[in-house]
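Participant: Please read through the structure below; I'll follow up with questions.
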Amino acid sequence: MPPHVSVIGAGLGGLVLARVLYRHGVPVTVYDQDASPRSRTQGGQLDLHEHNGQHALHLAGLDEQYRAILHRGGAAQRVCDRHGRILGEVPDDGSMAKPEALRGDIRRILLESLPDTTVQWGKKLTNASTLGNGKHWLAFADGSTATTDLLVGADGTWSKVRPLLSDQTPTYAGMSNVDVYLHDVERRHPASAALVGNGALYALEPRGGFLAHREANNVIHTYVVMTRPLAWFDRIDFADADTARIAIAAQFEGWAPELTALIAHSDTAPVLRSIHQLPDRHRWGRVPGVTLLGDAAHVTVPGGEGANTAMLDGAELAEAIAATPDDPETALAAYEAVMFERSLAEATAAHDTVELIFGKGAPHALAHLLNSSNNKRDARQPSLR
10 MPPHVSVIGA GLGGLVLARV LYRHGVPVTV YDQDASPRSR TQGGQLDLHE HNGQHALHLA
70 GLDEQYRAIL HRGGAAQRVC DRHGRILGEV PDDGSMAKPE ALRGDIRRIL LESLPDTTVQ
130 WGKKLTNAST LGNGKHWLAF ADGSTATTDL LVGADGTWSK VRPLLSDQTP TYAGMSNVDV
190 YLHDVERRHP ASAALVGNGA LYALEPRGGF LAHREANNVI HTYVVMTRPL AWFDRIDFAD
250 ADTARIAIAA QFEGWAPELT ALIAHSDTAP VLRSIHQLPD RHRWGRVPGV TLLGDAAHVT
310 VPGGEGANTA MLDGAELAEA IAATPDDPET ALAAYEAVMF ERSLAEATAA HDTVELIFGK
370 GAPHALAHLL NSSNNKRDAR QPSLR
């Protein structure tokens, strides 16, 4: 009889795991701390890569569903300097190598593919402890408890499950994003809309800049990327949206107004997203009945593969469990062996991507890469989404 699997976290990786397990008839429950699937936004657009994100959704049996939510034409990329001068660009070539979709839409199709009872909302994990024989006891903030045959931490950077396996905690990477949106951009912000174009814009100098992306429904989503210590951001009152806008915009004095407008005129309150990372070679010895996936296992600097890799983690873990339902330890060991090597390679590549985009060669290093692709979709083209 297959084990009952408990997944902590209803993000993309945890939901892919649940969906593939469900397809194989393996019982699964997902616990998430949010009160409902609509409690908070799910982040911006994601470029789904063929070898991981798309493959994971294929294993989940959702090819038709994810193709229906793609933002066609959104994969164009351009890079400019602080004055808004375009230095390099490539169009969306219409291929399916890395098409764009909103994270919220991907999450929605995953939730719709599962029975309503699979995800239990309002379940914030406060404690997880070993019962022996691979079983674990779970305690939640609402006072409820549960036991499980197999526990998977899909609960992100600050995972409550990770301490069962590893004493490593994420450290600040020295870089933070300030997350904002502009709405109705063609009418209300035409200059910014024209500069961003139909896809992604990288407006760069060494150590920071603007990463803006045109999303569906006439929206521009921007990450203002800044290399500052955490203490610097602590001095800004992000609870006061206007104060935060002014403080962040002031760091870009002299930049083109269509760039600074992305933060100064934002329609949403700025949200600070500090970037943390685990060691590139983060791994652990086999602990019966528990494992991790996605950022819980291998959070690193943004290099364009985080969510894609989490989905592949979930799909491959589910396939391993389903292949040996009477021997979950063999399944977990096989999954971890592959995941460890993949996460090391992805972390190394992510650091290279950050150096390419925000290193001393910015913005010209990225412009050269885009121009050298000769208007062809190149697997080396970077993404921080």
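The numbering used here numbers the first residue of the sequence shown as 10 and each following residue consecutively.
Every residue gets a Cβ at the ideal spot worked out from N, C-alpha and C, and that includes glycine.
Count the other CB atoms within 10 Å of the CB of residue 344; is the residue buried (16 or more) or exposed (fewer)?
Facilitator: buried
Participant: Return the Cβ separation of residue 257 and residue 272 in integer angstroms, given the expectation that the two are a contact with Cβ distance under 8 Å.
Facilitator: About 5 Å separates the two Cβ atoms, so the contact holds.
Participant: What residues are listed by DSSP as bridge partners for residue 17?
Facilitator: 40 and 162
Participant: For residue 339, which residues in the same chain have their Cβ closer than 7 Å to its Cβ, ignoring the five residues on either side in sequence?
Facilitator: 333
Participant: Going by the beta-carbon positions, is the gap between residue 219 and residue 231 smaller than 7 Å?
Facilitator: yes
Participant: What is the rounded straight-line gap between the Cα of residue 384 and the Cα of residue 122?
Facilitator: Because residue 384 sits at a pLDDT of 48, beneath the cut-off of 50, its placement in the model cannot be relied upon, and the point is left open.
Participant: Within 10 angstroms of the Cβ of residue 201, are there 16 or more other Cβ atoms? Answer buried if so, exposed if not.
Facilitator: buried
Participant: Residue 192 and residue 114: beta carbons closer than 7 Å?
Facilitator: no
Participant: Between which two residues does the alpha helix (DSSP H) harbouring residue 283 extend?
Facilitator: No alpha helix (DSSP H) holds residue 283; the beta strand (DSSP E) holding it covers 280-286.
Participant: Please report the straight-line C-alpha distance between residue 15 and residue 299, rounded to a whole angstrom.
Facilitator: 10 Å
Participant: Are the beta-carbon atoms of residue 210 and residue 87 separated by less than 7 Å?
Facilitator: In this structure, the beta-carbon distance from residue 210 to residue 87 falls below 7 Å.
Participant: Measure the alpha-carbon distance for residue 142 versus residue 208 and round it to whole angstroms.
Facilitator: Taking the straight line joining both Cα atoms gives about 51 Å.
Participant: In three-state terms, what does DSSP make of residue 377?
Facilitator: The answer is helix: DSSP assigns residue 377 an H, G or I state.
Participant: Report yes or no: do three or more beta-carbon pairs, one from the segment 250-270 and one from the segment 71-78, lie closer than 8 Å?
Facilitator: no
Participant: Quick one: grab the DSSP three-state call for residue 55.
Facilitator: strand
Participant: DSSP three-state label for residue 235, please.
Facilitator: strand
Participant: Buried or exposed, going by whether 16 or more other CB atoms sit within 10 Å of the CB of residue 28?
Facilitator: With 16 or more other Cβ atoms within 10 Å, it is buried.
Participant: Indicate whether residue 322 and residue 22 have their beta-carbon atoms separated by less than 7 Å.
Facilitator: yes
Participant: Count the CB pairs spanning the segment 372-380 and the segment 94-114 that are closer than 8 Å, and state whether there are at least three.
Facilitator: yes
Participant: Given that a residue counts as buried once 16 or more other Cβ atoms are within 10 Å of its Cβ, and exposed if not, what is residue 204?
Facilitator: buried
Participant: Determine, using beta carbons only, whether residue 155 and residue 133 come nearer to each other than 7 Å.
Facilitator: no
Participant: Using alpha carbons as the reference points, say which of 11, 101, 71 and 139 lies closest to residue 297.
Facilitator: Just measuring C-alpha positions, the residue of 11, 101, 71 and 139 sitting nearest residue 297 is 139.
Participant: List the DSSP bridge partners of residue 147.
Facilitator: 137 and 155
Participant: From 188, 184, 248 and 198, pick the residue whose C-alpha is nearest to that of residue 3; which is it?
Facilitator: No statement about residue 3 is possible, as the shown extent of the chain runs from 10 to 394 and does not include it.
Participant: Classify residue 129 as helix, strand or coil using the three-state DSSP reduction.
Facilitator: strand
Participant: Please specify which runs of the beta strand (DSSP E), each continuous and at least 3 residues long, are wholly inside the segment 60-109, giving them in chain order.
Facilitator: Runs of the beta strand (DSSP E) inside the segment 60-109: 86-89 and 95-99.
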